[in-house]
Structure formats: C-alpha cells, structure tokens
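J.:
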Amino acid sequence: MTLLKTALVKVLSVLVVISLLFVSSVAIPVSAESELDKAKSEYSSAKKEYEKLKNQKASAEEQLEAAQTAYYSLVSQVELLNKTIAQVQAQITKLQKQIADYQVKIEKQQKLMDQKYNAFCSRLKSLYIAGSVSSLQVLLTSKDFSDYLTRLEMVTKIGERDAATIQELEDILHELQDMQKQLDKDRAEQQAKKNELDAHKADLEQRKSEAASSLAECESLIAQIKAAQADAQKEMNAALAEINKLSASGGIKGSGQLCYPVPSCTSVSCGFYGYANHNGVDFANGPGLYGASVVAADDGQVVGADFWEYSYGHHVTIDHGNGIKTIYCHMSNINVSVGQNVQKGQVIGGVGCSGNVIPRGMGGTHLHFGVVVNGGFVNPFNYL
Numbered sequence: 002m003t004l005l006k007t008a009l010v011k012v013l014s015v016l017v018v019i020s021l022l023f024v025s026s027v028a029i030p031v032s033a034e035s036e037l038d039k040a041k042s043e044y045s046s047a048k049k050e051y052e053k054l055k056n057q058k059a060s061a062e063e064q065l066e067a068a069q070t071a072y073y074s075l076v077s078q079v080e081l082l083n084k085t086i087a088q089v090q091a092q093i094t095k096l097q098k099q100i101a102d103y104q105v106k107i108e109k110q111q112k113l114m115d116q117k118y119n120a121f122c123s124r125l126k127s128l129y130i131a132g133s134v135s136s137l138q139v140l141l142t143s144k145d146f147s148d149y150l151t152r153l154e155m156v157t158k159i160g161e162r163d164a165a166t167i168q169e170l171e172d173i174l175h176e177l178q179d180m181q182k183q184l185d186k187d188r189a190e191q192q193a194k195k196n197e198l199d200a201h202k203a204d205l206e207q208r209k210s211e212a213a214s215s216l217a218e219c220e221s222l223i224a225q226i227k228a229a230q231a232d233a234q235k236e237m238n239a240a241l242a243e244i245n246k247l248s249a250s251g252g253i254k255g256s257g258q259l260c261y262p263v264p265s266c267t268s269v270s271c272g273f274y275g276y277a278n279h280n281g282v283d284f285a286n287g288p289g290l291y292g293a294s295v296v297a298a299d300d301g302q303v304v305g306a307d308f309w310e311y312s313y314g315h316h317v318t319i320d321h322g323n324g325i326k327t328i329y330c331h332m333s334n335i336n337v338s339v340g341q342n343v344q345k346g347q348v349i350g351g352v353g354c355s356g357n358v359i360p361r362g363m364g365g366t367h368l369h370f371g372v373v374v375n376g377g378f379v380n381p382f383n384y385l
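This is how it looks when you write it as structure tokens:
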C-alpha cells in the first residue's frame, strides 16, 4: 500500500511538472496574430485622429473665411469713411477761406464807412463854425428869393446824400457780417459732422484690429492642425508599413495576371509616366464615369484604405503576394477595409475625383491605377 501511494505521488508530480512546462511554453511568446492586431489598432487610432483633425480643420477654415469676410468688409468701410472725411475736411477748409475773405471785406467796408462818416462830420462841423448853414446866411447871400430856395435845397441835399451814403455803407457792412455768421454756422456744422465721422472711424479701426487678430488666430490654428495632420499621417504610414510587413506572409496570393480595375472603361487619359512623377495610368472617358465600379485587379489582402486630401484622395492598396501590390486612387468611395481579403474582380469602391485631380471637380473624374513590384512602380500594362 505504501509503495502504491509512493508511486502515485511520483506520477502526479511528473504530470504537474509536464503541465507547467506546457503552459509556460504557450504563454511566453507573443503571436504574429496579436502583433498584426496591434498594428491594425494603431492604424485605426491614427486614422481616427486624422479624421478628427480633418473635421477640426474644416471648422477652422469656415471660421477663417468668416474672419476674412469681416476683416475685409471693415477695411472697405474704413477706406470709404476716409474718403468721406477728406471731402468734409475739404469743405471745412473752403469755408474757412471764405470766412477769411469776408473778414477782409468787412474790415475794408468798416474803414470806408468810418472815412465817409468822419468826412461828413468834419464838413458839418466846418459849416457850423462858418455859420454858412443858417437860413439867414443863405438868405443874405442870395440874389433873390428863388436863389435862396435853391441854395437852401442844395445844402439840405448835401447832408441827405452824405447820410444816405453812410447808410448804404452800413447796410453793406451788416450784409457782410450776416454772411460771415452764416459761414461760421456752416463751418461749425461741418466740423461737428467731421467729429462724428472721426469717432465712427475710431470704432471701425478698433473692430478692424480685433478682426485682424481673429484672422491671425484662425491662420495659426489651421497651421497647427496641418502640422498635427502631418504627424497623424506619419503614424498611419508607419502602422500601415507594419501591417504590410506582418501580413505579407499571411495574406492570400494572387495569380500575377491582373484584370482591368474599371471594367466599364479601358480608355487611358494619361499613360505610365505621361508626365514627371506620374507613376501609374489614368483610366477615364469623361464625367459620366463617376461612381463606376472599381474592382480588385487580382486576389489579395487590403493593406491600405485611406483618404489623402492633397494627393491620392480616397485610395486603396492591395497586396497580392509575390512582391506585387496595386494602388487605386481618387475614388469616390471605398467599400473595403485594411486586413480584408479580396478576390479578383471584387468591387472595392467607385471611380471619383477626390484628392489632387486636374481639372478640379467632376471634370477630373478618373481612376489612377498603379502597380508596385518589389517596392518600385512599374508599367501596369506589363501585368494587365
């Protein structure tokens, strides 16, 4: 009995040791599957961050447009107001000159009136001292009564004429003074108007300064978002490269014989290196191609499905194994995701005009199709 127990204990001990060794051998290494999942997760996170930044950039660009509209509107208002102020100032200057001219006329008229009045007073004084203005003197020096009446009337008319001349001069003086008062009033009104315009201009200048600050802030924000987008793009590219490396041995293999990526169109608008850096061929036959099906050129695994605003737009990259990859660019939409296995002829999206296309808009509808063999672009027609 004791021997049996001892044997059982030994057997159980061996089984425990074997079990521990088995668990240890399974738990320690990290599988390639988990590494691929990690890379895909990093790619997904980077893409979400890029999309978030894209939305933020769109919002910031709307704010920038509004700030630009407000700023340039205020600039126009200030320029228009400056012209109005200049016109009012010119009117004020004109009135000041007229007032100065009237002041000179008033001074001359006053001097002329004073001279006439003083001469009149001197003459009356001389006549009074000489006694030649008395009726008796006129009578005694007259030849007859008719002569007396004539002389008396002349003396009276001389006095009346002098008085009328002085009154006329005084009327002119009053008229000049009234005109000067009116000009003073007009100048005061124009000055008040200019003061009001100056105050309004100061308010516009303040608002223009605030609008300029807002404009600068929007431009700075957009620059920061663009920098953040570039960083997110780098992270996406790095994660995508890791996915490509990890999935290279695990993806399905293609035949090496590619089919046309747009079954409804085999027309080429620009060939391989049709211009500098054009590393593919463009399938296009007009705006009516927009939305047409884009298919996988061979069996393979999707290793890229993304949107690059300033280049490929919506684009997909498929790894067909054997060092062959295909790239489908400027699409209107994408129907596949990274890591997905696809079959030859399977629809992966639609023809579009997203990203950097010429001409802009629907007129630029086409599919840019590229083939990469062992890391370098080759003429797709060598494989179609």
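For the sequence shown, my numbering gives the first residue as 2, with consecutive numbering after it.
The beta-carbon is built from N, C-alpha and C at its ideal position, and this holds for glycine as well.
Computed from a prediction, not measured in an experiment: that's the story for all the values here.
Is the distance from the Cβ of Gly351 to the Cβ of Ala297 below 8 angstroms?
T.: Against a cut-off of 8 angstroms, the Cβ pair of Ala297 and Gly351 comes out as no contact.
J.: To the nearest angstrom, report how far apart Gln192 and Thr85 are at their CA atoms.
T.: Each residue's Cα considered, the two are about 13 angstroms apart.
J.: When DSSP labels each residue in this structure, what does Phe308 get in the three-state scheme?
T.: Strand at Phe308.
J.: Would His331 pass as a contact of Gly353 if the rule is Cβ separation under 8 angstroms?
T.: Taking 8 angstroms as the Cβ cut-off, His331 and Gly353 qualify as a contacting pair.
J.: With respect to the beta strand (DSSP E) encompassing His367, which residues constitute its N-terminal and C-terminal limits?
T.: That residue, His367, is in no beta strand (DSSP E); it is neither H nor E in DSSP.
J.: So, are the CB atoms of Val282 and Cys271 less than 8 angstroms apart?
T.: Taking 8 angstroms as the Cβ cut-off, Val282 and Cys271 qualify as a contacting pair.
J.: Pull the bridge partners of Tyr329 from the DSSP assignment, please.
T.: Note: Tyr329 sits in a beta bridge opposite Val317 and Phe370.
J.: Quick one: Cα of Thr327 to Cα of Ser214, how far?
T.: Distance between the alpha carbons of Thr327 and Ser214: 48 angstroms.
J.: Express the C-alpha separation of Leu216 and Leu81 in angstroms, rounding to a whole number.
T.: Using only the alpha carbons, I get a separation of about 22 angstroms.
J.: Which first and last residues belong to the beta strand (DSSP E) in which Cys1 is found?
T.: Any answer about residue 1 is impossible in this case: the structure gives the chain only from 2 up to 385.
J.: Using 8 angstroms as the Cβ pair cut-off and three pairs as the minimum, do the segment 164 to 179 and the segment 54 to 69 touch?
T.: No: fewer than three Cβ pairs fall under 8 angstroms.
J.: What number of angstroms, rounded off, separates the C-alpha of Ala285 from the C-alpha of Tyr51?
T.: Each residue's alpha carbon lies about 30 angstroms from the other.
J.: Let me know if Ile359 comes out buried or exposed under the rule of 16 or more other beta-carbons within 10 Å of its beta-carbon.
T.: Exposed: under 16 other Cβ atoms inside 10 Å.
J.: Just reading off the beta strand (DSSP E) that Val348 is part of, what are its end residues?
T.: Where Val348 is concerned, the enclosing beta strand (DSSP E) stretches over Val348 to Gly351.
J.: Hey, would you say Lys254 sits closer than 8 angstroms to Asp307, going by beta carbons?
T.: No, the pair does not count as a contact, with Cβ atoms beyond the cut-off.
J.: State yes or no: is the C-beta of Val269 within less than 8 angstroms of the C-beta of Ile349?
T.: Their beta carbons are not under 8 angstroms apart, which means Val269 does not touch Ile349 by this criterion.
J.: If you draw a straight line from the C-alpha of Gln57 to the C-alpha of Glu310, how long is it?
T.: Cα to Cα, Gln57 sits roughly 14 angstroms from Glu310.
J.: Quick check on Phe273: buried or exposed, where buried means 16 or more other Cβ atoms within 10 Å of its Cβ?
T.: By the 10 Å Cβ count, Phe273 comes out buried.
J.: When DSSP labels each residue in this structure, what does Ser338 get in the three-state scheme?
T.: Three-state DSSP puts Ser338 in coil, outside helix and strand.
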